[in-house]
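For what it's worth, this note's numbering labels the leading residue of the sequence shown as 2, then goes sequentially. Glycine is no exception: its CB is placed at the ideal position from the N, C-alpha and C atoms. Written out below as structure tokens is the structure these notes cover.
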Amino acid sequence: MTTMTTRDPQDKARLKQLEKRLMSSPELAEILKEFATSSTDINDMVRSMIQTGINTALQAEMDAHLGYQAGDRTGKARHGTADNHRNGSYNKTVQSQYGPIDITVPRDRSGSFTPRMVPKGARRITDVDDLIISLYAAGTSLRDIQHHLATTLGVDLSHETISQITDQVLDEVLAWQHRDLEEFYPVIYLDALRIKIRDGARVVNKACYMAVGITMEGTRQILGLWIANNEGAAFWAQVCAELANRGVKDVFIVCCDGLKGFEQAVQATWPDAMVQTCVVHLIRTALQWVAAKDRSAVAAALKKIYTAATAEQALAFLDEFDASDMGLKYPQAVKAWRDAWERFIPFLQFPPQARKVVYTTNAIESMNAQLRKATRNRGQFPNDAAAVKALWLMICHIEDRQAEKTKKKAGRARAGTSRFVEGVRVTGWVAAINQLSAHYPDRFEPYL
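Structure (structure tokens):
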């Protein structure tokens, strides 16, 4: 339903007066009292009131359109036209969050009347649409939404119709995916989660990558989502080219999980960019080979490597771990570090505060954990576009929910911390950007 807005102050004042008249109406009070003392279900009562209100408003719209009320012969003679007048009505049923509502839409002879209360062709009041999109954003499957609407609201919609309702956000998703970006990002993180997408007659596991950039001001931005069949250089070259076309001329550090061909793809677009293996991913990869009882000991040994002062010292700690009992017991953990060594050591060039920025990806990891939980509820997606739509809605839902938690915890909205990832300022960024610009003046001065 397209609601009528009252932006004019006089309209707002009139609306307030109408509300007061309704609240003080003895007839309305008597009707509500009768409802309250009867056995009528509260849902039925509200639906009946909405139905009456909509039908009354539709008649009022027709009155305003023609310039006179029904049965007013004097008004018709003064304001009416010879070629246009009331021409009956038609009945239709619209779905609402309180169940189906039967309405009577008036018609005029010329066909020029366009109702605003319930637009032509509308079969639902937007409260239902908003509820569907909200449930979809929270990770509820289409068929579960269908069941929920039928059992709680008495609204019977097919899952195809529900899918069409969620498609209302596709234009917004497309605009978000193609919006202009910053010219320079000191850091871009790439992380992925696996989702099931139907491909013809079979369901396959695909990777959905989320890129998060840090601006020169230290705020995070979610740059985009991409579905990948194969994680090769061709795919990443396409992603980098897309980001460049959207305005990203340069990146200082691209932090990822050791994807094949990524370094070549990045440097083909941004020749001066450093490609850094995410330390969190590297630790996780190594520990997956380790028994639970030994993980604390192995993690302590690995910490000495990534907190080393220099690359030479880090290599010495890795050799020490390799020769230790734990290293001999878990050679695959050592191999994970040796295989990624060349992509890990750029991290050791950075000053202490900058290391923390590159190393700490907790917000992105936590976001992806919540996205994984939501996608598990879905089971599978019919195609790539449906997956991107759903994930974008999930991100909006998670961000808004986190914003509400932050406001409640702080007692008020705090600038820079109202979101989970998007728009949040990185902790310790001022010290980090000062250290980076001092160590790499040629890279940062053009953008300061």
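Close-in-space but distant-in-sequence residues of the same chain around residue i (CB under 6 Å, 5 per side omitted)
{"i": "A14", "result": "none"}
{"i": "A312", "result": "I346 and L349"}
{"i": "W393", "result": "V174"}
{"i": "G89", "result": "R108"}
{"i": "T376", "result": "I196"}
{"i": "D251", "result": "F185 and W271"}
{"i": "K77", "result": "Y69"}
{"i": "R415", "result": "Residue placement at R415 cannot be trusted, given a pLDDT of 42 that sits under 50; the coordinates are not used to answer."}
Cut-off 8 Å between Cβ atoms - residues of its own chain near residue i, not counting five sequence neighbours on either side
{"i": "A245", "result": "T270 and W271"}
{"i": "L59", "result": "I104, T105, V106, P107, P116, M118 and V119"}
{"i": "R344", "result": "G259, E264, V276, Q277 and T278"}
{"i": "D181", "result": "R247 and G248"}
{"i": "S159", "result": "Q147"}
{"i": "V427", "result": "I215, G219, T220, R221, V358 and A433"}
{"i": "D168", "result": "K390"}
{"i": "A176", "result": "none"}
Close-in-space but distant-in-sequence residues of the same chain around residue i (CB under 7 Å, 5 per side omitted)
{"i": "G412", "result": "Unreliable positioning characterises G412 in this predicted model, as indicated by a pLDDT of 49, which lies under 50. The coordinate reading is nonetheless provided below. Excluding positions up to five away in sequence, the list is empty."}
{"i": "F318", "result": "K305, I306 and A309"}
{"i": "E423", "result": "R221, Q222, I223 and E400"}
{"i": "T3", "result": "Bear in mind that the predicted position of T3 carries a pLDDT of just 34, short of 50, making it unreliable; the figure below should be weighed with that in mind. Same-chain partners within the cutoff: R117 and P120."}
{"i": "D1", "result": "An answer regarding residue 1 cannot be provided, because it is not within the stretch 2 to 449 covered by the chain."}
{"i": "I163", "result": "I133, L143, I146 and Q147"}
{"i": "R285", "result": "none"}
{"i": "R296", "result": "L288"}
{"i": "I55", "result": "I102, I104, M118 and V119"}
Identity of the residue in the options nearest residue i by Cα
{"i": "Q96", "options": "P353, G112 and I51", "result": "I51"}
{"i": "A337", "options": "Q350, K294, W290 and S367", "result": "W290"}
{"i": "Q165", "options": "H179, L143, I365 and W177", "result": "L143"}
{"i": "N230", "options": "V255, Y360 and V204", "result": "V204"}
{"i": "A293", "options": "K390, Y331, C257 and D273", "result": "Y331"}
{"i": "E183", "options": "A439, G219 and A301", "result": "G219"}
{"i": "S367", "options": "R339, A386 and I396", "result": "I396"}
{"i": "Y360", "options": "V255, G328 and K207", "result": "V255"}
{"i": "Q178", "options": "H66, I196, H440 and E243", "result": "E243"}
{"i": "A391", "options": "K197, T57, H149 and K77", "result": "K197"}
{"i": "G328", "options": "L303, Q314 and A315", "result": "L303"}
{"i": "A433", "options": "D145, D157, K357 and S325", "result": "K357"}
{"i": "L372", "options": "A176, S113, M211 and N56", "result": "M211"}
{"i": "R339", "options": "R285, V425 and D320", "result": "D320"}
{"i": "F351", "options": "S297, Q436 and L283", "result": "Q436"}
{"i": "I365", "options": "A439, T162, C257 and K250", "result": "C257"}
{"i": "P353", "options": "D45, A439 and R285", "result": "A439"}
{"i": "T53", "options": "N85, D84, I102 and D73", "result": "I102"}
{"i": "D84", "options": "D64, T75, G112 and T57", "result": "G112"}
{"i": "D64", "options": "H86, T162 and L171", "result": "H86"}
{"i": "A386", "options": "R285, D172 and R296", "result": "D172"}
Buried/exposed call for residue i, threshold 16 Cβ in 10 Å
{"i": "D192", "result": "buried"}
{"i": "V267", "result": "buried"}
{"i": "Y69", "result": "buried"}
{"i": "V299", "result": "buried"}
{"i": "N92", "result": "exposed"}
{"i": "K17", "result": "exposed"}
{"i": "A71", "result": "exposed"}
{"i": "A61", "result": "exposed"}
{"i": "H398", "result": "buried"}
{"i": "N206", "result": "exposed"}
{"i": "P447", "result": "exposed"}
{"i": "T94", "result": "exposed"}
{"i": "A202", "result": "exposed"}
{"i": "A274", "result": "buried"}
{"i": "V431", "result": "exposed"}
{"i": "R79", "result": "exposed"}
{"i": "A315", "result": "buried"}
Cβ-Cβ separation, residue j to residue i (assumed contact under 8 Å), whole Å
{"i": "F322", "j": "R444", "result": "Actually they are not in contact, since the Cβ atoms of F322 and R444 sit about 33 Å apart, beyond 8 Å."}
{"i": "A388", "j": "C209", "result": "6 Å"}
{"i": "L194", "j": "N369", "result": "5 Å"}
{"i": "T141", "j": "N378", "result": "7 Å"}
{"i": "A334", "j": "A287", "result": "4 Å"}
{"i": "D157", "j": "A151", "result": "5 Å"}
{"i": "S199", "j": "F382", "result": "Sequence check: residue 199 is Arg here, not Ser. Confirmed, about 7 Å."}
{"i": "H149", "j": "F114", "result": "Actually they are not in contact, since the Cβ atoms of H149 and F114 sit about 36 Å apart, beyond 8 Å."}
Short CB-CB distance (under 9 Å) between residue i and chain D
{"i": "I223", "result": "No chain D appears in this structure, which consists of one protein chain only."}
- prompt: Taking one C-beta from the segment 200 to 220 and one from the segment 178 to 191 each time, how about it: are there three or more such pairs within less than 8 Å?
  reply: The segment 200 to 220, when compared against the segment 178 to 191, does touch it at the 8 Å Cβ threshold.
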